[in-house]
Each structure stands twice: as structure tokens, then as C-alpha cells.
Amino acid sequence: MTILRSRVAAALVGAASWTAAEYGLHRFAMHEMRGRGLPSVEHLKHHADVTYFSPTSKKIASAAATTAVTFPVVLVVAGRRWATAFTVGLITMYFGYEVAHRRTHTHPPRNRYGRWARRNHMHHHFGAPMRNFGVTTLVWDRLWGTYDEPGAVTIPRRMAPAWLLDDTGEIRAEFADDYIAKGVRRSDASQVERDRADAFDNVAPV
Ligand SMILES: [Zn+2]
Ligand SMILES: [Zn+2]
């Protein structure tokens with residue numbers, strides 16, 4: 018039972034470690050790098066066009082790369098059993114994050130946490146791209162002083178999630194306290210250019 022408990026503990030530590038990695042990678046490898054390196058390019062493309070998500074193959078490759086780096090280190094520090102459980106926790110939480118992130122863009126919230134997660138992440142996209150780097154938790158933003166309490170988030174209609182707007186392009190009644198829509202839904206070529214430049218400058222889209 019002690020082994021079981023310690024394996025469960027290792028998996029939980031692994032999952033918690035992912036949330037720190039989520040913050041660190043998002044902030045430093047993606048935003049601070051301003052388009053230098055594949056992770057940064059892929060992520061800032063997602064900021065320029067919020068319907069763009071890296072293909073699954075790249076995500077599996079990055080999970081494999083993460084495992085290749087962390088597993089040997091944890092193995093030396095804590096032994097094989099602990100390292101295996103830690104890695105399972107880490108990678109499980111990573112894929113959980115991928116699903117959670119995508120759902121903030123594609124599906125309406127179903128509970129208080131989901132409501133916070135969407136406002137938090139929409140504020141990151143449309144209010145202040147250099148704030149609120151955590152997607153699944155605010156812990157690391159609080160710790161590093163990058164957390165904004167998301168107020169009513171203003172979103173350009175051309176970038177608004179489908180779940181947020183009704184057929185006339187207005188904010189659905191149930192989200193009226195949380196979001197404000199601005200601009201038009203259609204995007205032309207010059208707008209696409211501007212959105213890309215803003216994304217790579219870490220500036221909120223106008
Ligand atoms: Zn996003
Ligand atoms: Zn981002």
C-alpha cells in the first residue's frame with residue numbers, strides 16, 4: 018500500500034508539475050520568444066487565428082520530447098517506479114490541458130470553473146497577451162505576478178468563439194455579464210495581416 022500511495026503521490030506531483038510547465042512554456046518558450054522557434058510560431062499563429070491549433074502529431078512529438086527530458090532526470094532523483102508514475106501524471110495532465118484549452122475556444126462553460134477558465138483565457142487572448150499564461154490554473158500567474166482578475170472581456174467579433182455569439186453577432190444573454198463584443202465578424206486580407214503582426218508582437222488584437 019505504501020508503494021501504491023507513493024505512486025499516486027508521484028502521479029499527482031507529475032500533474033502539478035505540468036501546470037508549472039504549462040505556465041513556463043507558454044510564457045517563455047511561446048510569448049517571450051516572439052516567433053523564434055517552432056513552439057513560439059505555432060502558438061502565436063493560434064493568437065493570430067484562434068481557430069488554428071497545432072496538429073496532434075506536433076503535440077505528441079512535444080509530449081515525447083518532454084518525456085525524454087524529464088524522465089531521465091526524475092529517474093536519477095527518485096528511481097524507476099516513482100519516475101514512471103510521475104511521467105504518467107505529467108503527460109496525462111498535459112493532454113488534459115490540451116483538451117481544456119481547445120474547449121475554451123470551442124465549447125461554452127458548464128460550471129464555475131469552466132466560466133473562469135474561459136474568461137481567464139479570453140483575457141489572455143484579447144485583453145493582455147502577456148498576462149494570465151496559466152490555462153488550467155491561476156496559481157503560477159499569482160506566484161509570478163502576471164494574474165489579472167478578468168473583468169468583462171472585450172472580444173473582436175471576428176475572433177469570438179462560436180459559443181459566445183448569437184446569430185445576429187451579439188453576445189448571448191447568458192454571457193452578457195462576462196463579455197463585450199466589438200467590430201465586425203468578417204475579416205479581410207489586411208485585417209489578417211494586422212492580426213498576425215499583433216500576435217507576433219504580443220499585442221492584443223484591435
Ligand atoms: Zn487559446
Ligand atoms: Zn498565449
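Numbered by the numbering used here, the letters in the sequence shown go through residues 18 to 223 in order.
Ideal Cβ placement from N, Cα and C applies to all residues, glycine included.
Model, not experiment: these values are computed from the prediction.
Backbone CA spacing between residue i and residue j [nearest angstrom]
i       : j       : result
Pro-167 : Arg-97  : 42 Å
His-63  : Pro-173 : 15 Å
His-48  : Ala-27  : 30 Å
Thr-87  : Val-94  : 11 Å
Arg-148 : Ser-79  : 24 Å
Ala-81  : Arg-189 : 40 Å
Ile-69  : Thr-163 : According to the sequence provided, residue 69 is Tyr. The question's Ile does not apply to it. Going by the C-alpha atoms only, they are around 25 Å apart.
Thr-185 : Arg-202 : 10 Å
Arg-51  : Ser-71  : 17 Å
Thr-73  : Ser-23  : 32 Å
Ala-134 : Glu-115 : 13 Å
Lys-75  : Val-209 : 24 Å
Val-25  : Ala-102 : 7 Å
His-118 : Val-67  : 11 Å
Contact test: residue i Cβ vs ligand 1 heavy atom, cutoff 7 Å
i       : result
His-224 : Here the chain has residues from 18 to 223 only, and residue 224 is not among them.
Val-116 : no
Ala-43  : Strictly speaking, residue 43 in this sequence is His, with Ala absent from that position. For ligand 1, not one heavy atom lies less than 7 Å from the Cβ of His-43.
His-124 : no
Val-224 : Because residue 224 is not part of the residues shown, which for the chain are 18 to 223, the question remains open.
Any non-hydrogen atom of ligand 2 closer than 7 Å to residue i Cβ
i       : result
His-60  : yes
Met-50  : no
Pro-167 : no
Pro-56  : no
Met-47  : yes
Pro-222 : no
C-beta atoms of residue i and residue j nearer than 8 Å
i       : j       : result
Glu-39  : Val-152 : yes
Ala-65  : Ala-206 : no
Phe-150 : Arg-53  : no
His-142 : Asp-165 : no
Leu-155 : Asn-128 : no
Val-170 : Tyr-130 : no
Leu-157 : Thr-83  : According to the sequence displayed, residue 157 carries Trp and not Leu. Taking 8 Å as the Cβ cut-off, Trp-157 and Thr-83 do not qualify as a contacting pair.
Ala-145 : Ala-46  : no
Leu-182 : Ala-198 : yes
Val-91  : Ala-100 : yes
Min CB distance residue i to chain D below 8 Å
i       : result
Val-201 : In the displayed structure, chain D is absent; only one protein chain is listed.
Proximity test, residue i beta-carbon vs ligand 3 heavy atom, cut-off 7 Å
i       : result
Pro-146 : Of the ligands one can find in the structure shown, namely ligand 1 and ligand 2, none is ligand 3.
Using a Cβ distance threshold of 8 Å, determine whether the region 101 to 118 contacts the region 26 to 41, with at least three qualifying pairs required. Yes: the two stretches touch, three or more of their Cβ pairs being nearer than 8 Å.
Are the region 121 to 141 and the region 159 to 178 touching by the rule of at least three beta carbon pairs closer than 8 Å? Cβ pair count under 8 Å is three or more, so yes.
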